[in-house]
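Letter 356 of the sequence shown, counting from 1, is numbered 356 in the working numbering, and no numbers are missing.
Contents: one structure, followed by commentary.
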Amino acid sequence: MKDSIKEQINKLKKENNAVILAHYYVSGDIQDIADYVGDSFYLSKIATQTDADVIVMCGVEFMGESAKLLNKDKTVLLPDTNADCPMAHMCDADKIKIVRDTYDDVAVVCYINSTAELKSLSDVCVTSANAKKVVENLPNKNIYFIPDENLGRYIAKQLPDKHFIFNDGFCPIHKDLTINDLRVAKQAHPEALVLAHPECTEEILENADYIGSTSEIIKYAKTSSSKSFIIATETGVFHKLQADNSDKTFYPVSDRQECPGMKLITPEKVINVLKNKSNQVILDEEFSNLANKPLEKMLSLSSKNTIKTDYVIVGCGVSGLYTALNLPDDSDIIMISKEAFDHSDSFLAQGGICVLTDDDDYDSYYEDTMKAGHYENNPESVDIMIRSSRELINDLINYDVNFQTKSGEMVYTKEGGHSKPRILFHEDITGEEITSKLLAAVRKKSNVKMLEYVTMTDLVTYGNKCLGIVAKTSDNKILEILAKDTILASGGIGGLYKHSTNFPHLTGDALELSKKYNIELEHLDYVQIHPTTLYSDKPGRRFLISESVRGEGAILLDKNGERFVNELLPRDILTQKIREQMEKDGTDYVMLSMAPIPEETILKHFPHIYHHCLENGYDVTKEPIPVVPAQHYFMGGIKVDSNSHTSMDNLYAVGETACNGVHGKNRLASNSLLESMVFAKRAALHMQKNAERN
Numbered sequence: 001m002k003d004s005i006k007e008q009i010n011k012l013k014k015e016n017n018a019v020i021l022a023h024y025y026v027s028g029d030i031q032d033i034a035d036y037v038g039d040s041f042y043l044s045k046i047a048t049q050t051d052a053d054v055i056v057m058c059g060v061e062f063m064g065e066s067a068k069l070l071n072k073d074k075t076v077l078l079p080d081t082n083a084d085c086p087m088a089h090m091c092d093a094d095k096i097k098i099v100r101d102t103y104d105d106v107a108v109v110c111y112i113n114s115t116a117e118l119k120s121l122s123d124v125c126v127t128s129a130n131a132k133k134v135v136e137n138l139p140n141k142n143i144y145f146i147p148d149e150n151l152g153r154y155i156a157k158q159l160p161d162k163h164f165i166f167n168d169g170f171c172p173i174h175k176d177l178t179i180n181d182l183r184v185a186k187q188a189h190p191e192a193l194v195l196a197h198p199e200c201t202e203e204i205l206e207n208a209d210y211i212g213s214t215s216e217i218i219k220y221a222k223t224s225s226s227k228s229f230i231i232a233t234e235t236g237v238f239h240k241l242q243a244d245n246s247d248k249t250f251y252p253v254s255d256r257q258e259c260p261g262m263k264l265i266t267p268e269k270v271i272n273v274l275k276n277k278s279n280q281v282i283l284d285e286e287f288s289n290l291a292n293k294p295l296e297k298m299l300s301l302s303s304k305n306t307i308k309t310d311y312v313i314v315g316c317g318v319s320g321l322y323t324a325l326n327l328p329d330d331s332d333i334i335m336i337s338k339e340a341f342d343h344s345d346s347f348l349a350q351g352g353i354c355v356l357t358d359d360d361d362y363d364s365y366y367e368d369t370m371k372a373g374h375y376e377n378n379p380e381s382v383d384i385m386i387r388s389s390r391e392l393i394n395d396l397i398n399y400d401v402n403f404q405t406k407s408g409e410m411v412y413t414k415e416g417g418h419s420k421p422r423i424l425f426h427e428d429i430t431g432e433e434i435t436s437k438l439l440a441a442v443r444k445k446s447n448v449k450m451l452e453y454v455t456m457t458d459l460v461t462y463g464n465k466c467l468g469i470v471a472k473t474s475d476n477k478i479l480e481i482l483a484k485d486t487i488l489a490s491g492g493i494g495g496l497y498k499h500s501t502n503f504p505h506l507t508g509d510a511l512e513l514s515k516k517y518n519i520e521l522e523h524l525d526y527v528q529i530h531p532t533t534l535y536s537d538k539p540g541r542r543f544l545i546s547e548s549v550r551g552e553g554a555i556l557l558d559k560n561g562e563r564f565v566n567e568l569l570p571r572d573i574l575t576q577k578i579r580e581q582m583e584k585d586g587t588d589y590v591m592l593s594m595a596p597i598p599e600e601t602i603l604k605h606f607p608h609i610y611h612h613c614l615e616n617g618y619d620v621t622k623e624p625i626p627v628v629p630a631q632h633y634f635m636g637g638i639k640v641d642s643n644s645h646t647s648m649d650n651l652y653a654v655g656e657t658a659c660n661g662v663h664g665k666n667r668l669a670s671n672s673l674l675e676s677m678v679f680a681k682r683a684a685l686h687m688q689k690n691a692e693r694n
């Protein structure tokens, strides 16, 4: 190629922030000017990773469509819109509908060499390089493979446990290579190894020494000790083969191995589209969303590692940890956490954990919980939680949780909405005390594998049954974790709010997936705002000023230093009163005074709050502090029964992710840790009973 053409292309690439992708089947001139050259699978991955604003796809039309589907916000250009692949059109919606109507459990698997329309009607895409792995990872028994019959039959032979339904599509170039052509080539070059693409006919494949995708053929030829090869695929690949292997010789099967569509691409056409931004790939947005999902699923399934276990727990707060501790020691358990295991919201709980102090307290505890929840609570759930509380506390003590005592007796504090003291605590870091002890206990269990910085991205389902999850590691590796039972314990939604007491990574991942799979959700609008967090004009997580502070006597003051409210009202009502006062005063906060609390009590009961406020310029023993409401807790979530089972078989949800109705419309202070663990244990026991029955 003339240097002037190369220089012109490089200049246009720079001006347009463009990248040129080329398939191995285009001419050598085009491969030489491309930034990336590869087969369909490689190019599809590169298309998702490039930082360029413009992608010039040197290939046939379906390749341009695929690049656009994976890069909706980028400009994708085709040097020649007449460059097409006949096989890409060799199926239609009617055929797919007939198969779906005939088979209950069927996955439509679409070869990437197909139109965007066919992709939009499919469940997953594949390339010749990843088809076996992708199909193998599908839970479906029946596989409708479109549009290429030859590739489908080749994959079917490797997966005898799957039932394949074939379409009558084909690649004209590969189908035109006959066994007689191959015999003639072998007679002329008896020493040569035959390397064939799986789009070839069965007769060709049966007589090949190696079968693989274009990139796999290139790799095999480079590493083989053989010096000569007969290549049964499109002739464009010879450019790369010869460039990588100057000491080796490559022969075609026949003189009919050239794809006319691929050869329409020329350097002059590349220059033209870069100059004029012409031949842009335009796809309808709704249509694109449908067609994109099979491509994304392909990229996920093809790069994942599969792990099998008995139970997978998503989340590392008290609900997830306590579930693990109540599952059998002879079972295999995997726990994943989106962040470090000590970065769950359970660590942040300050106030304490409620307990039924004695049988006489039942009625008042029940009424306090129901009243705080505006009587929208599930009575059965409330009853279970309260009656299970003393057994749970004894269990926590056995895990070395250290609650505040005096003269050998438990000390109880009182918070908003409670008619009497019934809250156990450890200083002002009760959540950290409980969670750290449970985490230490789980770490000692040899049957629990703990994976940090791993994010759940999907569920693995079969009909209405959960088979596990798909997750992504911090280095972007994909894990498929298959389990007998799956437990979602991934916390709340505070990360979606500008001001929240939650960690920012809590973004409702489990809710989004539940919506995707039509798993029942409940009360998504029931979000609790905590009345008192330390005011700051800085972005980020808000520091909680525990309700226990007000339970011990702290008072709320307006801008004139006057008390304006009963500080022990339920959280939602108190939040409303504070906001009304802020509006009346024209301020961004109200003041909280701990003056009524003895200094000794502050330093002993609230050391964490004391030191944090001191670091921010406030001495709570000498002056009031500015406080403001912020998002704190999510009462809604994935709807579960009293055993924490969701509407999907073998799928459980516990903790803030779940909604069993115990909190109603507004949570009573210090019921969250209790509820999370009570229903986590019930989930663990229910899973064991089901396993015994099955």
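The beta carbon of each residue, even a glycine, is placed where N, CA and C say it ideally should be.
Since this is a predicted model, take the numbers as computed values, not measurements.
Whole-angstrom distance between residue j and residue i, CA atom to CA atom
{"i": "Y311", "j": "A483", "result": "5 Å"}
{"i": "L668", "j": "H645", "result": "23 Å"}
{"i": "Q8", "j": "I271", "result": "7 Å"}
{"i": "E562", "j": "K604", "result": "27 Å"}
{"i": "V19", "j": "V54", "result": "6 Å"}
{"i": "D148", "j": "F62", "result": "14 Å"}
{"i": "Q187", "j": "N207", "result": "13 Å"}
{"i": "K689", "j": "S346", "result": "28 Å"}
{"i": "L43", "j": "A67", "result": "8 Å"}
{"i": "Q280", "j": "D39", "result": "22 Å"}
{"i": "Y375", "j": "Y366", "result": "11 Å"}
{"i": "V640", "j": "A510", "result": "13 Å"}
{"i": "Y453", "j": "S500", "result": "22 Å"}
{"i": "T48", "j": "D35", "result": "15 Å"}
{"i": "P379", "j": "E692", "result": "29 Å"}
{"i": "V401", "j": "E433", "result": "6 Å"}
{"i": "D588", "j": "A440", "result": "41 Å"}
Per DSSP, cross-strand counterpart(s) of residue i
{"i": "G637", "result": "E522"}
{"i": "T306", "result": "E480"}
{"i": "E409", "result": "K406"}
{"i": "V448", "result": "I333"}
{"i": "K465", "result": "Y462, D649"}
{"i": "Q631", "result": "S500, I529"}
{"i": "P252", "result": "I231"}
{"i": "N142", "result": "V106, H163"}
{"i": "K584", "result": "Answer by DSSP bridge pairing: none, since K584 is not bridged."}
{"i": "P626", "result": "M591"}
{"i": "D148", "result": "G169"}
{"i": "A658", "result": "I638"}
{"i": "V76", "result": "I55"}
{"i": "K472", "result": "T455, I478"}
{"i": "I487", "result": "I313, Y652"}
Contact belief for residue i with residue j at Cβ below 8 Å, rounded distance in angstroms
{"i": "H239", "j": "Q31", "result": "5 Å"}
{"i": "V654", "j": "A630", "result": "At roughly 25 Å, the Cβ-Cβ gap does not stay under 8 Å, so V654 and A630 are not in contact."}
{"i": "I46", "j": "L21", "result": "6 Å"}
{"i": "E15", "j": "S128", "result": "At roughly 36 Å, the Cβ-Cβ gap does not stay under 8 Å, so E15 and S128 are not in contact."}
{"i": "S254", "j": "D209", "result": "At roughly 18 Å, the Cβ-Cβ gap does not stay under 8 Å, so S254 and D209 are not in contact."}
{"i": "I112", "j": "V126", "result": "7 Å"}
{"i": "L459", "j": "L524", "result": "Wrong, their Cβ atoms sit about 19 Å apart, outside the cutoff."}
Proximity below 9 Å, CB of residue i to CB of residue j
{"i": "T235", "j": "Y103", "result": "no"}
{"i": "L556", "j": "G637", "result": "no"}
{"i": "Y535", "j": "V620", "result": "no"}
{"i": "V678", "j": "S388", "result": "yes"}
{"i": "M262", "j": "V56", "result": "no"}
{"i": "K297", "j": "Y526", "result": "no"}
{"i": "K338", "j": "T435", "result": "no"}
{"i": "G464", "j": "M648", "result": "Checking the sequence, you will find Asn at residue 464 rather than Gly. Yes."}
Quiz item: Taking three-plus beta-carbon pairs below 8 Å as touching, is the stretch 133 to 143 in contact with the stretch 99 to 109?
Solution: The stretch 133 to 143, when compared against the stretch 99 to 109, does touch it at the 8 Å Cβ threshold.
Quiz item: With a cut-off of 8 Å, do at least 3 Cβ pairs link the stretch 561 to 577 to the stretch 600 to 618?
Solution: In short, these stretches do not touch, since the Cβ pair count stays below three.
Quiz prompt | Contact between the stretch 349 to 356 and the stretch 510 to 520 (3+ Cβ pairs under 8 Å) | solution = Contact between the stretch 349 to 356 and the stretch 510 to 520 is absent, because fewer than three Cβ pairs lie under 8 Å.
Quiz item: Would you call the stretch 113 to 124 and the stretch 291 to 299 touching, i.e. three or more CB-CB distances under 8 Å?
Solution: Touching, yes, given that three or more Cβ pairs across the two stretches are closer than 8 Å.
Quiz item: Would you call the stretch 357 to 364 and the stretch 499 to 509 touching, i.e. three or more CB-CB distances under 8 Å?
Solution: Contact between the stretch 357 to 364 and the stretch 499 to 509 is absent, because fewer than three Cβ pairs lie under 8 Å.
Quiz item: Are the stretch 420 to 440 and the stretch 541 to 548 in contact at 8 Å, needing three or more beta carbon pairs?
Solution: Contact between the stretch 420 to 440 and the stretch 541 to 548 is present: three or more C-beta pairs spanning the two stretches fall below 8 Å.
Quiz item: Three or more C-beta pairs closer than 8 Å, one from the stretch 592 to 604 and one from the stretch 443 to 462: is that the case here?
Solution: Touching, no.
Quiz prompt | Contact the stretch 156 to 173 vs the stretch 472 to 479: 3+ CB pairs below 8 Å | solution = Touching, no.
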